[in-house]
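This report concerns only the one structure given below.
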Amino acid sequence: MDNDFQEKILEILRASPSGLQMEEIAFQLGLTRHTVAKYLEILRAEGRIHFKKVGRSKLWKEISTTTNIRILGMNDLEDILRIEERIEKERDFHSPERMQYLKETARYHLQHGDPLMSLGAEIDERLVGFIFGEVRLWEFGRGEKTGWIKVLGVDPEYQGKGIGRKLGENLLGHFQRKNIKKVRTLVDWHEGNLISYFKSLGFDILNMIPLEKELKK
Ligand SMILES: CC(C)(COP(=O)(O)OP(=O)(O)OC[C@H]1O[C@@H](n2cnc3c(N)ncnc32)[C@H](O)[C@@H]1OP(=O)(O)O)[C@@H](O)C(=O)NCCC(=O)NCCS
Numbered sequence: 232m233d234n235d236f237q238e239k240i241l242e243i244l245r246a247s248p249s250g251l252q253m254e255e256i257a258f259q260l261g262l263t264r265h266t267v268a269k270y271l272e273i274l275r276a277e278g279r280i281h282f283k284k285v286g287r288s289k290l291w292k293e294i295s296t297t298t299n300i301r302i303l304g305m306n307d308l309e310d311i312l313r314i315e316e317r318i319e320k321e322r323d324f325h326s327p328e329r330m331q332y333l334k335e336t337a338r339y340h341l342q343h344g345d346p347l348m349s350l351g352a353e354i355d356e357r358l359v360g361f362i363f364g365e366v367r368l369w370e371f372g373r374g375e376k377t378g379w380i381k382v383l384g385v386d387p388e389y390q391g392k393g394i395g396r397k398l399g400e401n402l403l404g405h406f407q408r409k410n411i412k413k414v415r416t417l418v419d420w421h422e423g424n425l426i427s428y429f430k431s432l433g434f435d436i437l438n439m440i441p442l443e444k445e446l447k448k
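Just add 231 to wherever you are in the sequence shown, counting from 1, and you've got this note's numbering.
The following block contains the structure:
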C-alpha cells in the first residue's frame, strides 16, 4: 500500500514538472497532509524527489523529469570543479594536480570545442553533472572519425538517478547526428561502476590494446 502511494505521488509530480505543494498532492490523493508529508520524506530520502523553496512554501518535484540537459559555457567552470571536488571527497581522494588538469581540460573544451560536445545536467538551475566529448579524425593508424567521451561526473548527491544516463545518451545522440559510427572511451580495469555505466549505454570492450610507456627521469 505504501509503495502504491509513493508511485502515485511520483506519477502526479511527473505530470506537473513545474512542481506541486504538499497540499495539492494531498488533495489529489485524498490523503491528509500528515500522511503525504511522510511519503514525501521517504521519496526525498531515496533521492527520487526534491523540493525548491518558493517564499515560505515548498514546491515538490520529481528529479528525473526536472533534469534539463544543456550546453555548457565558461560560466559553468566553477560548478564543474565543485562537482569533481565532491566526487573526490566522497572517494576520500583529492589531488590538486588532477583538479588543475580537469580545469584546463574543461576550459579548453568550453573555449575551443564543439559546443554540442560539452553538456551539463541541471536541476532547478543548479548544475549537477557534466560530460565532455570530442571527435577525432585519425588515430591508431585508422583513417576514421571516432567520437570520444573524455570526462564525465555527476554530483554524488544526485548519482544513481538516471542523470549520467541522460548526459551520456544526449552526447551519443549528437555524435550520431554528426554521422559518427563509433564512440570510444578509456576506463581503468578496477572502475567497476564506470564500466557498468558504459555497458548500460551499450559500450563493449574494444579489440585494441592500449599501450603505455613510463618515461623515467
Ligand atoms: C559513473 C557516473 C557518471 C554515473 O552517473 P549516474 O547518474 O550515477 O548514473 P545513472 O543513474 O544514470 O545510471 C546509469 C547506469 O549506470 C550504471 N551505474 C551507475 N552507477 C552505478 C554504480 N554505482 N554501480 C553499478 N552500476 C552503476 C547502471 O547500469 C545504471 O543503469 P540502471 O539505472 O539501468 O541500473 C557517476 O556515478 C559518476 O559521476 N561517478 C564518479 C565520476 C567518475 O568516475 N568519472 C569518471 C572519470 S572521467
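Cβ coordinates follow ideal geometry from the N, Cα and C atoms, glycine included. From a predicted model like this one, the values you see are computed outputs, not experimental measurements.
Residue burial annotation: L383 is buried, with at least 16 other C-beta atoms found within 10 angstroms of its C-beta.
Looking only at G399, E238, L417 and Q252, the smallest Cα-Cα distance to K284 is reached by Q252.
Taking a contact as a CB-CB distance under 8 Å, the pair F361 and I314 counts as one, their CB atoms being some 6 Å apart.
Looking at the backbone, the Cα of T297 and that of P248 are separated by about 6 Å. Per DSSP, A257 is one residue of the alpha helix (DSSP H) stretching across M253 to L260. In this model, K269 and D323 are separated by some 33 Å (Cα to Cα). With contacts defined as CB atoms closer than 7 Å, E321 and P387 qualify as a contacting pair.
Not one heavy atom of ligand 1 lies closer than 6 Å to the C-beta of I426. Linking E328 to L244 through their CA atoms gives a straight-line distance of about 43 Å. R313 sits in a helix when the DSSP states are folded into three classes.
The alpha-carbon separation between E335 and G304 amounts to approximately 14 Å.
When DSSP states are grouped into helix, strand and coil, F324 belongs to the coil group. Where K430 is concerned, there is no enclosing beta strand (DSSP E), although the alpha helix (DSSP H) around it starts and stops at G423 to S431. Q390 has its Cβ nearer than 6 Å to a heavy atom of ligand 1. Rounded to whole angstroms, the gap between the alpha carbons of K430 and K239 is 31 Å. Counting along the chain, F361 sits inside the beta strand (DSSP E) bounded by residues R357 to R367.
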